[in-house]
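Chemist: Please read through the structure below; I'll follow up with questions.
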Amino acid sequence: MSYVIIGGLVRSKDCILKIVNIGNDNIEWQSNRLIARAEIVSDVNGSMHANVMSINQLTGKELQLSDINVGDLESNDCNRLLKLLNKFRHLFARNTKELGCTDVLKMHIQTTTEQPVYRKPYRLSFKENEIVNEKVQDLIEAGVVRESISDYASPVVLVKKKGGDYRLCIDYRALNACTVKDRYPLPHIDDQVTRLAGKSRFTTLDLAQGYYQVAMAEDSVHKTAFVTPSGQYEFLKMPFGLANAPAVFSRLIKVVLGSLGNDVAIYLDDIMLPTNSVDDGLGLLGKVLQLLSEANLKLNLSKCSFLKQSVNYLGHEITAGTIQPGQAKIHCVAEYKKPRNIHEIRQFIGLTSYFRKFIRGFAVIARPLTQLTKKDVEWTWGPAQETAFQTLKERLVERPILAIYDRNARTELHTDASKLGLGGILMQYQSDNVLKPIAYFSRVTSKEEQFYHSYELETLAVVESLKRFRIYLVGIPVTVVTDCAALRTTLVKKNLIPRIARWWLSIQDYDLQIEYRSGDRMRHVDALSRNPVPSPVLLIDNSDWLVTLQLQDENIQSILSQLRNGTDNKNIISNYIIKDDLLFRQTLNGHRFVIPKLAKWSLLQKFHDQIGHVGFEKCEKTIKAQFWFEGMTRFIRKYIRSCLQCAYGKGDHGKLQGELHPIQKAAVPMHTLHVDHLGPFVKTRKGNSYVLVIIDSFTKFVFSKACKSCSSVETIKHLKDIISQFGNPSRIITDRGKAFTSRYFKEFSEEMQFKHILNAIASPRSNGQVERVNRTLINGLNTMSDSECTWDDHLSDVVWGINNTPHATTGFPPFKLLFGHSNSRLSAYPNGEPTDFEGQAKALEERRATAKLRIDKNMTLMKDRFDRSHKQCIKYSIGQLVLWKGGITRESANVTRKLNGLYTGPYKICKADHSLDCYTISSIKGMKGYRKFTAIVRGEVLRPYNSSISDESSGSDHEVDRDDLIDLLEG
């Protein structure tokens with residue numbers, strides 16, 4: 001029976017159980033207490049067995065029977081084994097710091113060029129950089145690495161493992177490319193297997209992080225140097241990922257154990273001790289442990305097994321007295337599913353026809369199948385088709401098609417991938433230069449893998465095939481043949497995405513060459529990838545993980561126990577039910593799986609974080625369709641409100657924040673001026689590139705000045721000219737351009753005694769009057785200018801037109817509202833000089849009064865119209881932390897920020913003007929990249945910063961809010 005291990009739990013084919021007793025290969029299980037754990041061991045063929053370990057971590061104390069993976073032994077033999085292992089207790093390392101370091105040999109790196117290999121460090125986030133520093137520090141403390149000043153440098157890749165931890169990988173592809181390969185001769189697999197014939201007891205040993213127990217030669221240490229964003233380091237021990245590491249490690253084991261001759265079977269890092277009896281096994285084990293101790297090598301106890309009666313070794317199933325070839329290498333062909341349509345028939349024929357020259361009478365055998373692929377032939381599957389199908393499968397997995405592996409033969413690995421599965425065929429050229437298959441590989445893709453990009457799937461097919469055929473391919477040159485052209489660049493590509501990096505860097509010690517072939521020449525592998533068979537390895541899905549947590553939750557186990565024992569608690573009886581030994585909540589919408597308290601966070605990560613950060617309603621609906629836990633609506637809402645990724649990256653929905661706050665206008669000309677710069681334009685012959693635009697808030701009269709720059713000096717000069725002619729304004733409103741925020745402009749406003757109002761950042765509507773004039777000026781200049789270099793010649797004409805045509809709001813030309821009469825270009829007074837000055841003054845007052853009424857009415861209409869599509873801003877208090885939409889960034893101007901997040905921060909509120917929804921925010925001292933900064937912004941571009949949520953519901957025990965009420969009604 002094969003087991004999949006989940007923490008302290010073991011999953012059989014049908015259920016999940018807990019280990020409660022370990023005997024002589026008799027494992028007892030039950031579901032209410034946990035006293036042991038097990039670990040999965042899988043060989044190259046996918047066959048598995050479980051190493052069962054005690055739940056307590058190994059310590060320096062004496063080993064117990066429950067600490068080791070042992071075969072079926074008598075009690076006396078078990079005691080003898082324990083005594084022997086405790087004698088060599090120092091050989092079993094618990095962590096990296098306890099690893100040994102042999103002096104038997106050292107690793108040398110010989111390169112084909114004297115030119116140092118240097119690659120820049122890859123960019124890492126702040127969090128990733130911290131993790132890298134922690135990993136490096138652990139290796140320094142363990143004596144594995146040290147700081148470096150080498151002229152060599154390989155970059156670090158941080159790869160996230162499935163368990164959430166990170167693996168530190170060094171990208172040695174460039175170094176491996178110029179390394180002289182160590183062609184250490186490995187023994188023939190058949191010779192190694194032959195040594196096991198007639199044996200009845202088998203012990204397997206595994207060195208703990210074996211590479212780290214081999215010292216680097218002093219002249220090669222500098223070549224292992226790697227760089228991180230924080231520094232440069234080099235390996236004192238042999239690192240993973242070097243091309244010659246497998247050969248060096250194999251040589252080490254051979255040298256250390258070579259004196260035992262044929263008593264020990266050694267292949268790469270597989271150490272097998274075959275014996276005829278328990279006594280012989282204990283004697284040989286003692287000799288091996290003594291030699292390992294003398295070489296200062298340490299073992300990984302959890303991966304060792306002792307005196308077993310059956311093992312899987314190098315693709316063979318070894319049982320006392322018998323050796324059978326492993327079935328994994330032909331499993332995918334032997335279990336090839338029966339075709340159900342013409343498309344699948346074509347795929348199967350594509351697989352078999354690739355080897356048709358080795359199948360005598362192929363056309364005759366396959367005729368019942370090929371007939372089905374012709375036009376106008378009705379689909380049928382009868383005895384003739386079944387016979388042809390089974391016959392062709394049999395021919396594919398026997399000689400002369402399936403050849404015997406030869407380590408010295410030219411080797412190719414053909415791979416292919418699809419959304420359905422992965423496929424690989426290991427092939428070798430025979431003595432007659434004919435390419436024949438050695439083994440087949442195929443497996444289905446997981447649910448997550450089905451969403452991978454085609455390039456990722458093709459890469460995964462290569463990596464999985466290499467791992468499956470590892471015993472055949474390590475230490476020899478291999479040509480990988482694929483129909484994915486992009487894979488050819490992966491060996492030399494500098495920047496790899498993390499998933500590809502994790503796969504590709506795990507196979508750096510293979511001697512690979514990538515060859516591309518078109519898809520029509522790869523139909524044999526295509527058939528395996530599109531018709532995969534279930535892998536013999538059982539996979540753990542997320543539901544299994546939830547089940548294990550429920551089994552370990554005390555509250556849930558208590559409810560289960562009460563239901564099984566017939567409780568009188570009506571609340572439990574009416575709300576819970578047991579299905580398949582698991583606890584479900586009875587709700588109006590059906591039965592829902594009860595989620596343990598500790599799993600709430602991970603559940604939200606799966607249904608919110610890992611699927612694009614969906615909104616509250618979608619997330620709640622998805623979770624409530626399957627699961628239940630107390631207070632789930634409130635918890636989901638708080639979780640999503642506190643999600644920083646959503647806060648930084650998502651926009652608002654529904655009505656926009658920010659009501660309109662019109663600027664109150666006095667019915668006095670030149671009381672309030674709106675000022676702005678327009679441009680830059682193409683520099684004219686006079687040297688002008690900008691326009692200084694000024695509009696009187698009441699009369700709408702426009703002043704414009706062509707400028708050479710936006711400097712404070714030139715801006716102040718033009719404003720002084722206007723003020724000297726029309727009088728001093730009470731206030732001037734501007735944006736936050738450098739001309740208006742400078743010290744000179746501040747001194748100018750104090751000198752002229754007007755109030756200077758600066759808009760909030762990124763708030764153009766606060767200076768909307770001048771922004772509207774800018775648009776009119778641009779349209780006018782576009783239509784009147786014959787050349788981009790003469791636009792300033794027409795500026796006065798465009799402005800004259802604005803000032804002498806009726807304004808849409810006031811109903812009067814700005815010139816007439818300011819001066820009291822029209823400004824006709826033909827004649828200012830066609831009927832003669834005016835004589836009724838009192839009447840004209842009275843008429844001017846009436847026009848201004850009418851204009852004021854129209855302005856006020858228009859402001860009211862505009863505010864009502866604007867506010868209907870907006871809502872009130874959130875009110876923030878001083879000291880509150882906020883995010884700022886479109887805040888200060890240092891991105892390149894020609895790079896889109898659409899995927900860089902909408903908000904920056906957090907910032908702190910320093911001042912608040914709730915009447916205008918304006919706030920002064922400042923950067924927070926002590927944060928990363930801190931620099932002193934303050935800004936005035938509108939409330940509509942701010943968002944509350946919520947960095948965490950409380951796991952407990954707020955309020956007293958007697959409070960019931962809407963969310964709690966929903967949960968009560970639904971469950």
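Those letters in the sequence shown? Residues 1 to 971, by full-length UniProt numbering. Note that CB positions come from ideal geometry on N, CA and C, so glycine has one too. Quantities reported herein were computed from a predicted structural model and do not represent experimental measurements.
By the 10 Å Cβ neighbour count, where 16 or more other Cβ atoms means buried, how is residue 388 classified, buried or exposed?
Modeler: Reading the sequence shown from its first residue, position 388 is the one you call residue 388. The residue in question, residue 388, is buried, as its Cβ has 16 or more Cβ neighbours within 10 Å.
Chemist: Can you check whether the CB of residue 885 is closer than 7 Å to the CB of residue 799?
Modeler: Walking along the sequence shown from the start, residue 799 turns up at place 799. Walking along the sequence shown from the start, residue 885 turns up at place 885. No, Cβ-Cβ distance for residue 799 and residue 885 is not below 7 Å.
Chemist: Okay, do the region 461-473 and the region 506-514 touch, 3+ Cβ pairs below 8 Å being the bar?
Modeler: Counting Cβ pairs under 8 Å, three or more are found: they touch.
Chemist: In terms of alpha-carbon separation, which member of 592, 630, 640 lies closest to residue 615?
Modeler: Numbered from its first residue, the sequence shown carries residue 615 at position 615. The shortest C-alpha separation from residue 615 is found at 640.
Chemist: Is it true that the region 292-312 meets the region 66-74, where meeting means three or more beta-carbon pairs spaced less than 8 Å apart?
Modeler: Yes, the region 292-312 touches the region 66-74.
Chemist: Can you find at least 3 beta carbon pairs, one from the region 744-752 and one from the region 678-690, that sit closer than 8 Å?
Modeler: No: fewer than three Cβ pairs fall under 8 Å.
Chemist: Taking just the CA atoms, how far does residue 613 sit from residue 814?
Modeler: Mapped onto the sequence shown, residue 814 falls at position 814. Mapped onto the sequence shown, residue 613 falls at position 613. When rounded, the distance between both Cα atoms is 53 Å.
Chemist: Give the DSSP-derived three-state secondary structure of residue 153 in the structure shown.
Modeler: Indexing the sequence shown from 1 puts residue 153 at position 153. Residue 153: strand per DSSP, three-state reduction.
Chemist: Would you mind stating whether residue 140 and residue 205 have Cβ atoms separated by less than 7 Å?
Modeler: As a working note, residue 140 is residue 140 in the sequence shown. As a working note, residue 205 is residue 205 in the sequence shown. No; because the gap between Cβ atoms is not below 7 Å, this pair is not in contact.
Chemist: Among 236, 133, 254, which has the Cα closest to the Cα of residue 228?
Modeler: Translated into positions along the sequence shown, residue 228 becomes position 228. Comparing Cα-Cα distances from residue 228 to each of 236, 133, 254, the minimum goes to 133.
Chemist: Between residue 51 and residue 302, what straight-line distance do the alpha-carbon atoms span, to the nearest angstrom?
Modeler: Position 51 of the sequence shown, counted from the first residue, corresponds to residue 51. Position 302 of the sequence shown, counted from the first residue, corresponds to residue 302. With a pLDDT of only 44 at residue 51, under 50, the local geometry of the prediction cannot be trusted, and no value is derived from it.
Chemist: Note down the Cα distance separating residue 672 from residue 793, rounded to an integer number of angstroms.
Modeler: Along the sequence shown, one-based indexing puts residue 672 at 672. Along the sequence shown, one-based indexing puts residue 793 at 793. Rounded to the nearest angstrom, the two C-alpha atoms are 28 Å apart.
Chemist: State the CB to CB distance for the pair residue 286 and residue 84, rounded to an integer number of angstroms; the pair is presumed to be in contact (CB under 8 Å).
Modeler: Numbered from its first residue, the sequence shown carries residue 286 at position 286. Numbered from its first residue, the sequence shown carries residue 84 at position 84. About 6 Å separates the two Cβ atoms, so the contact holds.
Chemist: Check whether the region 210-218 and the region 145-159 touch, using three or more Cβ-Cβ pairs below 8 Å as the test.
Modeler: No contact exists between the region 210-218 and the region 145-159.
Chemist: Expressed to the nearest angstrom, what Euclidean distance is found between the alpha-carbon atoms of residue 712 and residue 874?
Modeler: Taking the sequence shown and counting its residues from 1, the one referred to as residue 712 is at position 712. Taking the sequence shown and counting its residues from 1, the one referred to as residue 874 is at position 874. Using only the alpha carbons, I get a separation of about 36 Å.
Chemist: Rounded to whole angstroms, what's the CA-CA distance from residue 398 to residue 169? Just pull it up for me.
Modeler: Counting from one through the sequence shown, the residue named residue 398 turns up at place 398. Counting from one through the sequence shown, the residue named residue 169 turns up at place 169. Their Cα atoms are separated by approximately 41 Å.
Chemist: Buried or exposed: which applies to residue 807, given that a residue is buried once 16 or more other Cβ atoms fall within 10 Å of its Cβ?
Modeler: The residue given as residue 807 occupies position 807 in the sequence shown. Residue 807 is buried by the Cβ-count criterion.
Chemist: Across the region 548-555 and the region 594-611, are there enough close Cβ pairs to call them in contact, namely three or more that are closer than 8 Å?
Modeler: The region 548-555, when compared against the region 594-611, does touch it at the 8 Å Cβ threshold.
Chemist: To the nearest angstrom, how far is the alpha carbon of residue 260 from that of residue 81?
Modeler: Locating residue 260 in the sequence shown gives position 260, counting from the first residue. Locating residue 81 in the sequence shown gives position 81, counting from the first residue. Going from the Cα of residue 260 to the Cα of residue 81 covers about 20 Å.
Chemist: Comparing C-alpha positions only, which one of 517, 459, 465 sits nearest to residue 483?
Modeler: Counting from one through the sequence shown, the residue named residue 483 turns up at place 483. That would be 517, whose Cα lies nearest to the Cα of residue 483.
Chemist: My assumption, with CB atoms under 8 Å, is that residue 385 sits in contact with residue 368. Please give the rounded CB distance.
Modeler: Numbered from its first residue, the sequence shown carries residue 385 at position 385. Numbered from its first residue, the sequence shown carries residue 368 at position 368. Between residue 368 and residue 385 the Cβ distance is about 5 Å, and since that is below 8 Å, they are a contact.
Chemist: Report all residues from its chain with a CB closer than 8 Å to the CB of residue 59; omit the five preceding and five following residues, and keep chain order.
Modeler: To locate residue 59, count along the sequence shown from 1; it is residue 59. The pLDDT assigned to residue 59 is 42, lower than 50, so where the model puts this residue is not dependable; a value taken from the coordinates is nonetheless given after this. Same-chain partners within the cutoff: 94.
Chemist: Given this structure, state the Cα-to-Cα distance separating residue 36 from residue 381, to the nearest angstrom.
Modeler: Here residue 36 refers to the residue found at position 36 when the sequence shown is read from its first residue. Here residue 381 refers to the residue found at position 381 when the sequence shown is read from its first residue. Unreliable placement is indicated for residue 36, whose pLDDT of 38 sits below 50; no coordinate value is reported for it.
Chemist: Using 8 Å as the cut-off, can you tell me whether the region 628-645 makes contact with the region 724-738, which would need three or more C-beta pairs spanning the two stretches below that distance?
Modeler: Output reads no: the region 724-738 does not touch the region 628-645.
Chemist: Taking the beta strand (DSSP E) that residue 478 falls in, what are its first and last residues?
Modeler: Along the sequence shown, read from residue 1 onward, the residue named residue 478 stands at position 478. 477-482 is the extent of the beta strand (DSSP E) around residue 478.
Chemist: Helix, strand or coil: which one does DSSP assign to residue 159?
Modeler: Within the sequence shown, residue 159 is the residue found at index 159, counting from 1. In the structure shown, residue 159 sits in a strand (DSSP, three-state: E or B).
Chemist: Determine whether the beta carbon atoms of residue 702 and residue 803 lie at a separation below 7 Å.
Modeler: By one-based count along the sequence shown, residue 702 stands at place 702. By one-based count along the sequence shown, residue 803 stands at place 803. A contact, by the Cβ cut-off of 7 Å.
Chemist: Taking just the CA atoms, how far does residue 629 sit from residue 46?
Modeler: One-based indexing of the sequence shown puts residue 46 at position 46. One-based indexing of the sequence shown puts residue 629 at position 629. Its pLDDT being 42, under 50, residue 46 is placed unreliably in this model, and the value from its coordinates should be taken loosely. So the two alpha carbons sit approximately 38 Å from each other.
Chemist: Where does residue 671 fall in DSSP's three states?
Modeler: In the sequence shown, residue 671 corresponds to position 671, counting from 1. If DSSP states are grouped into helix, strand and coil, residue 671 belongs with coil.
Chemist: Would you call the region 449-458 and the region 555-564 in contact, with 3 or more CB pairs under 8 Å?
Modeler: Not touching, per the Cβ criterion.
Chemist: Please name the residue or residues paired with residue 210 in a DSSP beta bridge.
Modeler: Sequence index remark: in the sequence shown, residue 210 carries index 210 (1-based). DSSP lists no partner for residue 210.
Chemist: Should residue 171 and residue 180 be called a contact, given that it needs their Cβ atoms to be closer than 7 Å?
Modeler: Here residue 171 is taken as the residue at index 171 of the sequence shown, counted from 1. Here residue 180 is taken as the residue at index 180 of the sequence shown, counted from 1. Contact flag unset, no.
Chemist: What would DSSP say about residue 233, mapped onto helix, strand or coil?
Modeler: Locating residue 233 in the sequence shown gives position 233, where the first residue counts as 1. It is a strand residue.
Chemist: Look up residue 383 in the DSSP assignment and say whether it is helix, strand or coil.
Modeler: For the purposes of this step, residue 383 is taken as the residue at position 383 of the sequence shown. Looking at residue 383 - three-state DSSP - the assignment turns out to be helix.
Chemist: Could you give the distance in angstroms between the alpha-carbon of residue 127 and the alpha-carbon of residue 121?
Modeler: Residue numbering aside, residue 127 sits at position 127 when the sequence shown is read from its first letter. Residue numbering aside, residue 121 sits at position 121 when the sequence shown is read from its first letter. Approximately 16 Å between the Cα atoms of the pair.
Chemist: Cβ of residue 912 within 7 Å of Cβ of residue 878?
Modeler: Translated into positions along the sequence shown, residue 912 becomes position 912. Translated into positions along the sequence shown, residue 878 becomes position 878. In this structure, residue 878 lies closer than 7 Å to residue 912 by Cβ.
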